[in-house]
Amino acid sequence: MPELAGLGVSPGAAAGPVEVMGPPPALPPPRAGADAAEEERLAVRALATVGAELEKRAATAPTPEARGILAAQAAITGDPMLLAGVRSRVADGADAAHALHGAFDEQARALLAAGGVFAERVADLADLSGRAVAAALGLPMPGVPAPGHPFVLVADDLSPADTAALDTAAVLALVTERGGPTGHTAILARSLGLPAVVGCAGILDAAPAGGLVAVDGTAGTVRTSVTEREAAGINAAATRAEEEGVPAGPGRTADGRAVDLMVNIGSAADLDGADLTGVAGVGLFRTEFLFLGRREEPGPDEQAAAYAEVFAAAGDRTVVVRTLDAGADKPLPFLRLPDEPNPALGVRGLRVARERPDVLETQLAAIARAAAGTPARVAVMAPMVATPAEADAFVGRARAHGLPLAGVMVEVPSAALRAARILREAQFLSIGTNDLSQYTLAADRQHSGFPELLDPWQPAVLDLVARCAEAGGAAGKSVGVCGEAAADPLLAPVLAGLGVTRLSMSPRALPAVRAALLRFTFAECAELAARVLAADDPGEAREIARTRHNERGRS
Numbered sequence: 004m005p006e007l008a009g010l011g012v013s014p015g016a017a018a019g020p021v022e023v024m025g026p027p028p029a030l031p032p033p034r035a036g037a038d039a040a041e042e043e044r045l046a047v048r049a050l051a052t053v054g055a056e057l058e059k060r061a062a063t064a065p066t067p068e069a070r071g072i073l074a075a076q077a078a079i080t081g082d083p084m085l086l087a088g089v090r091s092r093v094a095d096g097a098d099a100a101h102a103l104h105g106a107f108d109e110q111a112r113a114l115l116a117a118g119g120v121f122a123e124r125v126a127d128l129a130d131l132s133g134r135a136v137a138a139a140l141g142l143p144m145p146g147v148p149a150p151g152h153p154f155v156l157v158a159d160d161l162s163p164a165d166t167a168a169l170d171t172a173a174v175l176a177l178v179t180e181r182g183g184p185t186g187h188t189a190i191l192a193r194s195l196g197l198p199a200v201v202g203c204a205g206i207l208d209a210a211p212a213g214g215l216v217a218v219d220g221t222a223g224t225v226r227t228s229v230t231e232r233e234a235a236g237i238n239a240a241a242t243r244a245e246e247e248g249v250p251a252g253p254g255r256t257a258d259g260r261a262v263d264l265m266v267n268i269g270s271a272a273d274l275d276g277a278d279l280t281g282v283a284g285v286g287l288f289r290t291e292f293l294f295l296g297r298r299e300e301p302g303p304d305e306q307a308a309a310y311a312e313v314f315a316a317a318g319d320r321t322v323v324v325r326t327l328d329a330g331a332d333k334p335l336p337f338l339r340l341p342d343e344p345n346p347a348l349g350v351r352g353l354r355v356a357r358e359r360p361d362v363l364e365t366q367l368a369a370i371a372r373a374a375a376g377t378p379a380r381v382a383v384m385a386p387m388v389a390t391p392a393e394a395d396a397f398v399g400r401a402r403a404h405g406l407p408l409a410g411v412m413v414e415v416p417s418a419a420l421r422a423a424r425i426l427r428e429a430q431f432l433s434i435g436t437n438d439l440s441q442y443t444l445a446a447d448r449q450h451s452g453f454p455e456l457l458d459p460w461q462p463a464v465l466d467l468v469a470r471c472a473e474a475g476g477a478a479g480k481s482v483g484v485c486g487e488a489a490a491d492p493l494l495a496p497v498l499a500g501l502g503v504t505r506l507s508m509s510p511r512a513l514p515a516v517r518a519a520l521l522r523f524t525f526a527e528c529a530e531l532a533a534r535v536l537a538a539d540d541p542g543e544a545r546e547i548a549r550t551r552h553n554e555r556g557r558s
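Going by the numbering used here, the letters in the sequence shown line up with residues 4 to 558, in that order.
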C-alpha cells in the first residue's frame, strides 16, 4: 500500500477522506490610470481589515500558542515600513492590489536576506499578502473546507490564521507538503491535539480530494489507498486509546520517580477548563502576549493585574514567568529598537534590557507586586541568556525586586556548555528546544529544506540537554524542558532518563506524556536515553525510542 514519509510533528493516528486547501486569489493584471488617492485608501483599508480580522481570531483562539501567533501577525499589518512601501508604489502608479503585493514581496526578500528566525516569517508574509490583496479586490480568502463530514486536511502549507481556527470536531488530522518541526503548523497542531505530518513531499499528487488516507503523526507517515474498513479500525483504535488513557495525576516513571508535568500559557484564560490534577504548575508563562501589537508599553498596574490573575488561577502551584521575549521574530513597536543587519543574532530576549533596561525593571517590579500575598510559588526566568555573566546579572536584578526564585532559559549552545557555572547563581534551567535546535545546527526554524536539522531528536541537541541535566543534578537544582520537545510522548522517557526533572507543554499533551512516562522505570529511561544518545541521526534515535515504546505497550 503506497506510503509517504514526512515529519511527524503531533502524535496520534487518524484516517478519513482528504479535503485539499485551496490557494489564495490570483493577482489580476495591473489596472492602468487608477486614481492614486482612491487606491491608497483601498490598500490601507485592506490592511486594516486583515489586521482587525486577525485580532478578532486571536481573541477567540483556543490555545495560547494560537493567540500569540495571530496577535503577532495582526501587528505586522500596521508596520510603518510596510505602509510606506504601499504608499510609495501607489504614488508610482500601482493599483491597491499590486501595491500591497509588491510591498509584502519586498519585505519577504529582506527577511530571506537577513536569514535566521526572520526567514521563518516569509510564509506568514505570503499569507498576509494574499489576505490583503483579496480584501482590496473585494474577494474572499479560501477558508478551510467544510464538506459536512470529518476529514483529513491536506495543503501545500497552512497559515497560522487557518490552522488556529480549525474545527477539531471536523478535522481529523493535518498533512502539509512543506513545513518543519518548529513551524506554526506544527506548534498549533500540537496545541490543538491533532495528528499532523509536515514536509510530506508528494502528498498533493498522491492524495486527491475524497480519497481515504491514514495519518500517523507519531511515525510521520501517510498511507494512501486505505479502505473504509481500515479507516474505521484506525479511528476506533485511537478512540479506545484516548478513553483508556492514564488517569490524571502527577508525572512519574513506573517506579515512582517524579517528573513534574507543567503547562505553557499566555494568560489566565489558558487555565480555564484545564484539568490540573497532578500538574505541578505553569512551566512557561509567556508574558510577551501582553505586549504584542502595542504601540505603548503596558503600564505597571496593567501588568501587575494580568500577572496576579494567573497567580490566582494557579493556586498554590509553581508559576514560572518568562520575562519579555521580544526582538527578531517578535518585533514590538514600542521598544523602538534600532535596525540590525541580523536580528536573529542581535537584540532579542534578555538583550533587549541592554537597550531598554527600564522595560525589564518595570516588569520585574510588576511581577513581584502581583506575587505578594499569593499562594503561588512564583519564579522568573530570562530568555536568550548566553553567558554566566548575563545569568548572574538577571538573578541579581530579580532578587533586588524580592524574587528569589530566578532562573534562565537555555536556548543557545553556550548556555548549555556553561550550565554548571550558570547554576551557581541561577535557581533552575529551562531548555527551549526550538531555538536550541536552530542555533546548534545553524538552521532556520521553519525552513522546509532542513527539517532533519531542526529535529529535537538530533543527537547534538540531546547532548546539550544531557549536559544541562547533569549540571542540575550535581547542583541539586531543577532542569526542565519547555520547548515543543516536552510534548512528544516518545521523547519524554528519554528526557527523564537524561535527568530532566520538569516537562512543560500544552495542556492537551499532558495525558499522552503522562502515560508514556509510566511505561518505564527510571533505570529503563536512563538505558533508553543512553541508546538514543549513541544514535547517529534523529531518525535512528526516534526509531530506537519507538521500538522500545511498542515493546512496553505489548508487555
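Beta carbons are placed, not taken as given, at the ideal position from N, Cα and C, and that holds for glycine. Model, not experiment: these values are computed from the prediction.
In this structure, the straight-line span from the alpha carbon of Ala307 to that of Gly352 is close to 20 Å. Between Leu215 and Val229, the C-beta gap is smaller than 8 Å, which places the two residues in contact. Annotated as proximal: Pro198 and Ala17, with beta-carbon spacing under 8 Å. In terms of Cα proximity to Glu543, the closest of Trp460, Ala515, Arg522 is Trp460. Bounds of any beta strand (DSSP E) do not take in Ala392; it lies within the alpha helix (DSSP H) bounded by 391-403. When DSSP states are grouped into helix, strand and coil, Pro31 belongs to the coil group. The C-beta separation of Ala371 from Leu327 comes to about 15 Å, leaving the pair out of contact by the 8 Å criterion. With distances taken between CA atoms, Ala210 lies nearest to Val225 out of Gly220, Val225, Gly196, Asp219. Rounded to whole angstroms, the gap between the alpha carbons of Arg48 and Glu42 is 10 Å. Across the structure, Ala489 and Ala403 are spaced so that their CA atoms are roughly 32 Å apart. Under the 10 Å beta carbon count, Pro33 is surrounded by fewer than 16 other beta carbons and is classified as exposed. Between Val516 and Leu501, the C-beta gap is not smaller than 8 Å, which leaves the two residues out of contact. Here Glu22 is buried. Its C-beta has 16 or more other C-beta atoms within 10 Å. When secondary structure is reduced to three states using DSSP, Glu43 falls in the helix class.
The Cβ atoms of Arg511 and Leu191 lie no closer than 8 Å to each other. The DSSP-derived three-state label of Phe314 is helix.
Secondary structure within the stretch 202-270: the alpha helix (DSSP H) runs of 4 or more consecutive residues, fully enclosed, are 206-209, 231-246 (chain order). Between Thr221 and Gly349, the C-beta gap is not smaller than 8 Å, which leaves the two residues out of contact. Between the alpha carbons of Met412 and Pro150 lies a distance of about 44 Å.
The C-alpha of Asp466 lies about 16 Å from the C-alpha of Ala445. CA-CA distance, Ala167 to Val155, rounds to 16 Å.
Straight through space, the alpha carbons of Arg70 and Ala62 are spaced by roughly 7 Å. In the DSSP annotation of this structure, Pro462 is not part of any beta strand (DSSP E); the continuous alpha helix (DSSP H) holding it starts and ends at 462-478. When DSSP states are grouped into helix, strand and coil, Val388 belongs to the coil group.
Between Val383 and Ala409, the C-beta gap is smaller than 8 Å, which places the two residues in contact. DSSP places Met412 in the uninterrupted beta strand (DSSP E) bounded by 409-413.
The C-beta distance from Val178 to Val218 rounds to 6 Å, short enough to meet the 8 Å contact threshold.
Assignment of Arg92 by DSSP, reduced to helix, strand and coil, places it in the helix class. Contact check for Gly254 against Val266 fails: the beta carbons are separated by 8 Å or more.
Closest by C-alpha distance to Asp38, out of Gly146, Val322, Ala533, Arg90, is Arg90. In this structure the stretch 310-329 touches the stretch 279-294; the number of beta carbon pairs closer than 8 Å is three or more.
Non-local C-beta neighbours of Arg60 in its own chain, meaning closer than 7 Å and more than five positions away in sequence, comprise Leu73, Ala164, Ala167, Ala168, ordered along the chain. Spanning the alpha carbons of Arg289 and Gly269 requires a straight line of approximately 5 Å. In the same chain as Ala46, and ignoring 5 residues on each side of it, the C-beta atoms closer than 7 Å to its own belong to Val89, Val93, Ala99, Ala102, Leu103, Ala139, in chain order. For Thr52, the CB contacts under 6 Å within the same chain, skipping 5 residues up- and downstream, are Ala138 in chain order.
According to the DSSP assignment, Thr321 belongs to the beta strand (DSSP E) that extends over 321-325.
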